[in-house]
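Worksheet: the structure to be examined is printed underneath.
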Amino acid sequence: MKKVIELKGVYFSYGDTLVLENANFVVENKDFFALIGPNGGGKTTVLKLILGLIKPQRGKIQVMGKRPENAHKFIGYVPQIIKFDFDFPISVMEVVLMGRLVKKGLIQRYDKKDRDVCRDALEKVGMKDFEDRLIGNLSGGQRQRILLARALAAEPKILLLDEPLSSIDSTWQNRFYKLMDEINNEKTILLVTHDISAVSTYVDKIACVNRKLFYQGTKKEGMEKLSEMYKCPVEILTHKVPHRHLKEHKHD
Amino acid sequence: MIDLLQYDFMRNAFISAVLVSIACGIVGTFVVVKKIVSLSGGIAHAAFGGIGLGYFLGFDPILTAIPFSLLSAIGIGTLNKKIRISEDSAIGLFWSFGMALGIIFIGLSPGYAPNLFSYLFGSILTVPVSEILIMVMLDIIIIACVLFFYKEFMAISFDEEFAEVAGLPTKKLNLLLLCLVGLSIIVMVRVVGIILIIALLTVPTLIAKKFTQRLSKLMILSTITASIFTICGLIISYLFDLASGATIVLVLVVVFGIVSVVRR
Numbered sequence: 007m008k009k010v011i012e013l014k015g016v017y018f019s020y021g022d023t024l025v026l027e028n029a030n031f032v033v034e035n036k037d038f039f040a041l042i043g044p045n046g047g048g049k050t051t052v053l054k055l056i057l058g059l060i061k062p063q064r065g066k067i068q069v070m071g072k073r074p075e076n077a078h079k080f081i082g083y084v085p086q087i088i089k090f091d092f093d094f095p096i097s098v099m100e101v102v103l104m105g106r107l108v109k110k111g112l113i114q115r116y117d118k119k120d121r122d123v124c125r126d127a128l129e130k131v132g133m134k135d136f137e138d139r140l141i142g143n144l145s146g147g148q149r150q151r152i153l154l155a156r157a158l159a160a161e162p163k164i165l166l167l168d169e170p171l172s173s174i175d176s177t178w179q180n181r182f183y184k185l186m187d188e189i190n191n192e193k194t195i196l197l198v199t200h201d202i203s204a205v206s207t208y209v210d211k212i213a214c215v216n217r218k219l220f221y222q223g224t225k226k227e228g229m230e231k232l233s234e235m236y237k238c239p240v241e242i243l244t245h246k247v248p249h250r251h252l253k254e255h256k257h258d
Numbered sequence: 019m020i021d022l023l024q025y026d027f028m029r030n031a032f033i034s035a036v037l038v039s040i041a042c043g044i045v046g047t048f049v050v051v052k053k054i055v056s057l058s059g060g061i062a063h064a065a066f067g068g069i070g071l072g073y074f075l076g077f078d079p080i081l082t083a084i085p086f087s088l089l090s091a092i093g094i095g096t097l098n099k100k101i102r103i104s105e106d107s108a109i110g111l112f113w114s115f116g117m118a119l120g121i122i123f124i125g126l127s128p129g130y131a132p133n134l135f136s137y138l139f140g141s142i143l144t145v146p147v148s149e150i151l152i153m154v155m156l157d158i159i160i161i162a163c164v165l166f167f168y169k170e171f172m173a174i175s176f177d178e179e180f181a182e183v184a185g186l187p188t189k190k191l192n193l194l195l196l197c198l199v200g201l202s203i204i205v206m207v208r209v210v211g212i213i214l215i216i217a218l219l220t221v222p223t224l225i226a227k228k229f230t231q232r233l234s235k236l237m238i239l240s241t242i243t244a245s246i247f248t249i250c251g252l253i254i255s256y257l258f259d260l261a262s263g264a265t266i267v268l269v270l271v272v273v274f275g276i277v278s279v280v281r282r
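These protein sequences, in sequence, are chains Y and G. Residue numbering for the first sequence follows my numbering, beginning at 7 and increasing consecutively. Residue numbering for the second sequence follows my numbering, beginning at 19 and increasing consecutively.
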């Protein structure tokens with residue numbers, strides 16, 4: 007199957023506010039795909055539509071050829087970290103085990119196999135020795151790694167990440183993209199971010215969304231379209247990498 | 019002190035203290051970690067309508083309060099999504115609606131409602147054996163549901179969105195949890211009364227949370243904490259001739275205060 011995620015003529019509005027207007031895009035098998043755009047531009051809405059958390063007013067969404075609400079088993083989801091209550095009494099292992107929910111029936115308990123899969127996932131994100139720690143006692147970056155491990159524990163075909171590097175330290179950032187590269191050998195990755203520095207080096211395709219879908223394709227042309235869309239203040243989005251720096255990356 | 023147990027009413031009171039603690043320890047843990055304290059308060063007060071209905075129809079008020087409290091749990095849980103009002107407003111609506119119904123029913127009932135105060139403020143010393151049996155059954159239902167749905171309840175409490183993405187029926191699970199809150203309220207109503215129930219649902223767990231940070235241990239420790247201090251409150255209220263429900267709540271709150279200072 008070539009098309010992994012497909013949006014066709016999708017409209018979505020919250021009340022009277024139109025958030026997405028005639029959005030069309032396709033994510034193909036084993037793409038490393040970034041969805042970018044300004045805050046409030048509809049990135050998270052697209053993600054929620056793909057996850058089946060909300061339904062479009064018009065248009066069609068397919069995930070692995072199915073409707074999103076029937077495609078749970080294909081998806082590993084890494085949500086934004088800001089919405090969590092980290093005072094919650096839960097251990098790292100218990101969080102990662104949630105990734106196994108999709109494989110389990112109601113009432114069915116987690117077993118040794120689930121725990122083994124979770125330990126592997128924790129090892130991949132470099133958090134092997136943390137399984138008995140409380141999520142509340144970890145740093146922001148470590149928590150994001152735990153949420154990534156949870157998504158991997160679902161053994162998904164598609165990894166969906168919403169701002170996965172918002173509080174990651176720079177040493178992990180490089181390892182993160184190395185890991186994504188490795189994961190990308192077997193899985194499709196869709197990354198939602200406003201951090202263009204990340205996109206410039208690592209992903210291979212991008213789509214820009216700001217109410218309408220502005221562009222979809224390879225990232226080289228995309229970067230130029232992007233500055234058009236933002237009317238060129240791309241620097242505002244990322245203080246680390248100024249606009250000119252981005253263009254130097256054209257060769258990849 | 020041992021003499022106390024020679025009285026039947028005292029023995030019943032001790033037994034109900036333990037039964038109440040099981041309900042509030044287990045359900046209270048979810049109420050606290052899922053932050054549904056005021057929602058639970060709403061269900062508790064709405065249950066008063068059921069108690070009034072019991073008086074009006076001449077049944078044991080506890081029996082009519084059970085369906086009432088379950089319906090208000092489901093009502094509060096669905097109404098805010100159906101007619102687009104905030105959860106906060108749905109709570110206010112059910113809270114006052116249930117109380118108002120209760121007052122009307124009791125007003126319509128012939129004669130004087132002698133035990134009314136025991137449902138509002140609690141009266142652990144007058145719990146009859148028949149109600150102890152009801153409490154045992156409700157406790158068993160609560161324990162069974164939490165044993166069965168432990169991983170699901172934990173998931174919807176920590177990260178409901180992820181649980182939904184993983185394909186869990188989160189709406190139904192939420193309603194089930196609210197129904198358990200409703201049942202636990204029935205277990206507690208005789209002991210501390212509708213007005214003070216919310217203290218039993220929260221304070222034992224808040225105390226236990228100072229000592230453990232695991233959900234399963236929190237439920238057990240909350241139950242133990244609740245047992246110890248409801249019995250302490252019961253003894254103090256007996257010795258000094260104070261209102262039992264209020265004494266139990268005061269003991270719990272004072273202990274929470276001390277624990278908070280000692281274990282900063």
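No residue lacks a Cβ here, since even glycine has one placed at the ideal position from N, Cα and C. In this text the structure is predicted, and so the values were computed from the model without any measurement.
CB of residue i within 8 Å of CB of residue j, strictly
{"i": "methionine 117(G)", "j": "phenylalanine 180(G)", "result": "no"}
{"i": "arginine 217(Y)", "j": "leucine 24(Y)", "result": "yes"}
{"i": "alanine 40(Y)", "j": "leucine 140(Y)", "result": "no"}
{"i": "glycine 82(Y)", "j": "alanine 160(Y)", "result": "yes"}
{"i": "isoleucine 203(G)", "j": "serine 87(G)", "result": "yes"}
{"i": "aspartate 37(Y)", "j": "aspartate 210(Y)", "result": "yes"}
{"i": "glutamate 34(Y)", "j": "valine 52(Y)", "result": "no"}
{"i": "phenylalanine 27(G)", "j": "leucine 191(G)", "result": "no"}
{"i": "valine 108(Y)", "j": "histidine 78(Y)", "result": "yes"}
{"i": "valine 215(Y)", "j": "lysine 49(Y)", "result": "yes"}
{"i": "isoleucine 249(G)", "j": "alanine 35(G)", "result": "yes"}
{"i": "proline 79(G)", "j": "isoleucine 69(G)", "result": "yes"}
{"i": "threonine 194(Y)", "j": "lysine 163(Y)", "result": "yes"}
{"i": "valine 294(G)", "j": "leucine 233(G)", "result": "Nothing in the structure corresponds to residue 294(G), since chain G is present only between 19 and 282."}
{"i": "leucine 165(G)", "j": "proline 95(Y)", "result": "no"}
{"i": "threonine 230(G)", "j": "glycine 43(G)", "result": "no"}
{"i": "valine 277(G)", "j": "phenylalanine 247(G)", "result": "no"}
{"i": "alanine 31(G)", "j": "leucine 252(G)", "result": "yes"}
{"i": "glutamate 170(G)", "j": "leucine 112(Y)", "result": "yes"}
{"i": "aspartate 157(G)", "j": "valine 210(G)", "result": "no"}
Buried or exposed by the 16-neighbour rule on C-beta atoms within 10 Å, applied to residue i
{"i": "aspartate 201(Y)", "result": "buried"}
{"i": "serine 107(G)", "result": "exposed"}
{"i": "arginine 151(Y)", "result": "buried"}
{"i": "valine 279(G)", "result": "exposed"}
{"i": "valine 147(G)", "result": "exposed"}
{"i": "lysine 89(Y)", "result": "exposed"}
{"i": "arginine 106(Y)", "result": "buried"}
{"i": "valine 205(Y)", "result": "buried"}
{"i": "isoleucine 266(G)", "result": "buried"}
{"i": "glutamate 129(Y)", "result": "exposed"}
{"i": "lysine 8(Y)", "result": "exposed"}
{"i": "isoleucine 242(Y)", "result": "Confidence is the limiting factor: at isoleucine 242(Y) the pLDDT is only 36, short of 50, which leaves the residue's position unreliable, though a coordinate-based value still follows. Exposed."}
7 Å CB neighbourhood of residue i in its chain, flanking five on each side removed
{"i": "isoleucine 212(G)", "result": "Ala62, His63, Ala65, Phe66, Tyr137, Leu138"}
{"i": "glycine 146(Y)", "result": "Ile87, Ser173"}
Nearest-angstrom Cα separation, counted from residue j out to residue i
{"i": "isoleucine 94(G)", "j": "serine 176(Y)", "result": "46 Å"}
{"i": "methionine 133(Y)", "j": "isoleucine 238(G)", "result": "29 Å"}
{"i": "arginine 29(G)", "j": "phenylalanine 258(G)", "result": "18 Å"}
{"i": "phenylalanine 167(G)", "j": "arginine 208(G)", "result": "28 Å"}
{"i": "cysteine 124(Y)", "j": "methionine 99(Y)", "result": "7 Å"}
{"i": "aspartate 93(Y)", "j": "lysine 100(G)", "result": "31 Å"}
{"i": "alanine 217(G)", "j": "serine 56(G)", "result": "11 Å"}
{"i": "alanine 173(G)", "j": "threonine 47(G)", "result": "14 Å"}
{"i": "glutamine 148(Y)", "j": "leucine 185(Y)", "result": "15 Å"}
{"i": "aspartate 177(G)", "j": "lysine 189(G)", "result": "13 Å"}
{"i": "glycine 46(Y)", "j": "glycine 110(G)", "result": "32 Å"}
{"i": "proline 44(Y)", "j": "glutamate 188(Y)", "result": "28 Å"}
{"i": "leucine 81(G)", "j": "alanine 261(G)", "result": "24 Å"}
Integer-rounded CB distance, given that residue j should sit under 8 Å from residue i
{"i": "leucine 55(Y)", "j": "valine 16(Y)", "result": "7 Å"}
{"i": "aspartate 262(Y)", "j": "leucine 103(Y)", "result": "This structure cannot speak to residue 262(Y), because chain Y is shown only from 7 to 258."}
{"i": "glycine 140(G)", "j": "leucine 214(G)", "result": "6 Å"}
{"i": "leucine 57(Y)", "j": "phenylalanine 31(Y)", "result": "Not quite, the Cβ-Cβ distance comes to about 16 Å (not below 8 Å), so this is no contact."}
{"i": "isoleucine 212(Y)", "j": "isoleucine 42(Y)", "result": "6 Å"}
{"i": "phenylalanine 123(G)", "j": "phenylalanine 74(G)", "result": "4 Å"}
Contacting residues, own chain, Cβ-Cβ under 8 Å from residue i (five flanking each side not counted)
{"i": "alanine 91(G)", "result": "Ile61, Leu193, Leu196, Cys197, Val199, Gly200"}
{"i": "aspartate 138(Y)", "result": "Ser97, Val98, Met99"}
{"i": "valine 271(G)", "result": "Ala217, Val221"}
{"i": "cysteine 163(G)", "result": "Leu194, Leu198"}
{"i": "valine 131(Y)", "result": "Arg151, Ile152, Leu154, Ala155, Leu158, Leu185"}
Cut-off 6 Å between Cβ atoms - residues of its own chain near residue i, not counting five sequence neighbours on either side
{"i": "phenylalanine 274(G)", "result": "Val221, Leu224, Ile225"}
{"i": "leucine 167(Y)", "result": "Val84, Leu197"}
{"i": "serine 58(G)", "result": "Val49, Val199, Leu219"}
{"i": "serine 245(G)", "result": "Val36, Ser39"}
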